[in-house]
Amino acid sequence: MIGTALAEETGFDSLASTEEKRWQRIVRVPPETLMMTEAGTAEPRWLARQSVAEPVDCKLALGARFLALQWVSDATSWEKRHGRHLLIGSHFTNMGDAASRTVCHEESVPLANTIDQPIRVVDVSRPVEAAFRAAQYETFGDGEESEFAKALVLLVRQYGSSAVDAIRKLITFDHLDEVASVALRTLGRVQHPMSRASRLRLLEHALTHHSSWVRDGAALGLASLGDPAAIGPLQRAVAQEPIEELRQDMEAVEQYLETLG
Amino acid sequence: MPLLARGIQRRRWDRESLHPWLERAEIPADPLTDFRTQNNELSVFIVEDNQSNLAQVITALAATRSRPDKYDYLLFEEKVLSTVNVTVRRTHGDTPDNAVNSWHLDLVDLSGSRLLALVTEILHREFVTGRWQEHMVKDSLQKGVKAGHLDLSRMPRSLRDSILSP
């Protein structure tokens, strides 16, 4: 068993006893994953030793210091119950943060799509970061579709909530306020129902950002998203907003959302 | 005294966000971005002092874009121009609304120092910024087309498709 081999290699000796708790998620791992893992770092060599001709269903264990896979014999029934699909990324840099770095794509998808759909294994944070880097040299204008916005739309449509999460990290720590603002406005406009909840959460969260550009982008994104659920967070943001003009703009969004409710 | 209108990014003009590191009488650099010249000229539109034609101006300007989007604008007094010796030329605007085109001015022969003086003067005087949200812009564009103010054939196709869709 792969899981047993891993337990021995990582010293995670409680794996067997906690299996029911730890084996929480299911993944379909295409052969490329194993090959790309081998090309990454030597640390998770046990994965590289495995070689499969066809995609396989695996259980995924997310521990504090490791990531493990185990073949699943009854994947279909498990998948039907949970309706969950995870992709494993190829970006293994060390085992310490394997859980956060390797699970690069997580998406609820219709079950009908989970069986035969080809899976691309991509660390979504890389293309998102590349889009943000390129955006530094772009001039943005209202009413014009920027290359940056086009790239984000494609990434969200392709990777859903994982792309949103990667964008969130960059907006939180990035200092390019106008780029972040455009990103948030774009997130509000994307037509992608499956990531809608995560986009709404990010936009609401960004209403309290230290940058007025980011707060503005969040409010505009919420207007485009058109979800009255954002009225409460907007009201709180208005109450805290120190810039009068931005406060007016947020109130206008709030009033617009009220008309939708 | 009439006002002059120009599209901007409103966040660049927020008074409360003026930076503490600015020396007395200095202005932040970002608002200059909204005064990007072409051939040393700058395009503005005349707005009545009671702003009765403001909506028509904004709608016409929004009709030159590729898609409906929020519109941020700046209004400042025309007399600012004479204070900083800016030469004005009345020219026909290039929007899909002929009436609005007749309210167009080009500020010409703008040197770098004169442009800086103009923006400095605006920032140190009374000015107004405002925003039309995207849904307001879309609604106004549809009404402008219906009322015959806007010439559909002179609007970008993507915008036309967008405002004609339900």
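If you read the protein sequences in the order shown, they are chains A and B. In terms of our numbering, the first sequence is residues 384 to 644. In terms of our numbering, the second sequence is residues 3 to 168. Idealized CB from N, CA, C, for every residue including glycine.
Closer than 7 Å: residue i CB and nearest the ligand FAD heavy atom
i	result
arginine 619/A	Inclusion of the ligand FAD in the displayed structure is not the case, the ligand content being empty and no account of it being possible.
Boundaries of the alpha helix (DSSP H) in which residue i is found, first to last residue
i	result
tryptophan 596/A	595 to 608
threonine 569/A	560 to 572
serine 45/B	No alpha helix (DSSP H) contains serine 45/B, which is instead part of the beta strand (DSSP E) from 44 to 49.
arginine 91/B	Element bounds for arginine 91/B: not the alpha helix (DSSP H) but the beta strand (DSSP E), 89 to 92.
aspartate 163/B	159 to 166
asparagine 103/B	100 to 103
alanine 518/A	508 to 518
C-beta atoms of residue i and residue j nearer than 8 Å
i	j	result
valine 547/A	leucine 567/A	no
alanine 65/B	glycine 146/B	yes
glutamate 136/B	proline 30/B	no
leucine 629/A	arginine 598/A	yes
glycine 604/A	arginine 67/B	no
leucine 109/B	valine 88/B	yes
leucine 107/B	arginine 91/B	yes
glutamate 128/B	isoleucine 626/A	no
serine 544/A	serine 581/A	yes
leucine 34/B	glutamate 80/B	no
isoleucine 165/B	leucine 143/B	yes
valine 139/B	tyrosine 75/B	no
proline 616/A	leucine 640/A	no
serine 564/A	glycine 524/A	no
alanine 517/A	phenylalanine 531/A	yes
aspartate 99/B	glutamine 58/B	yes
Helix, strand or coil at residue i [DSSP, three-state]
i	result
phenylalanine 78/B	strand
glutamate 128/B	coil
arginine 26/B	coil
alanine 64/B	helix
glutamine 407/A	Below a pLDDT of 50, predicted positions are generally treated as unreliable, and glutamine 407/A, at 33, falls in that range; the measurement from the model is reported next regardless. Correct three-state label for glutamine 407/A: strand.
glutamate 627/A	helix
glutamine 541/A	helix
leucine 117/B	helix
serine 84/B	helix
leucine 643/A	helix
histidine 588/A	helix
serine 155/B	helix
aspartate 108/B	strand
glutamine 53/B	coil
glutamine 144/B	helix
arginine 133/B	strand
alanine 31/B	coil
aspartate 525/A	coil
Closer than 8 Å to chain B by CB, residue i
i	result
alanine 606/A	yes
aspartate 610/A	no
isoleucine 554/A	no
alanine 422/A	Residue placement at alanine 422/A is flagged as unreliable, the pLDDT there being 28, under the threshold of 50; the coordinate-derived value follows with that caveat. Taking Cβ atoms only, chain B never reaches closer than 8 Å to alanine 422/A, which makes this a no.
alanine 425/A	With a pLDDT of 32 at alanine 425/A, under the threshold of 50, the modelled position of this residue cannot be trusted, and the question is left open.
serine 581/A	no
alanine 635/A	yes
tyrosine 639/A	yes
glycine 526/A	yes
serine 578/A	no
isoleucine 614/A	no
serine 595/A	yes
isoleucine 409/A	Note on isoleucine 409/A: pLDDT 40, under 50, position unreliable in the model; the coordinate value appears next. By this cut-off, isoleucine 409/A is not an interface position.
isoleucine 550/A	no
Continuous beta strand (DSSP E) stretch holding residue i: start and end
i	result
arginine 14/B	Note, arginine 14/B: premise wrong, no beta strand (DSSP E); not H, not E.
Test: residue i CB closer than 8 Å to a CB of chain A
i	result
arginine 91/B	no
serine 167/B	no
alanine 31/B	no
alanine 62/B	no
lysine 148/B	no
arginine 12/B	yes
arginine 162/B	no
glutamine 40/B	no
histidine 21/B	no
aspartate 96/B	no
lysine 145/B	no
leucine 154/B	no
serine 68/B	yes
methionine 3/B	no
aspartate 74/B	yes
8 Å Cβ cutoff, residue i in contact with chain C
i	result
proline 510/A	The question asks about chain C, but that chain is absent: this structure's protein chains are A and B.
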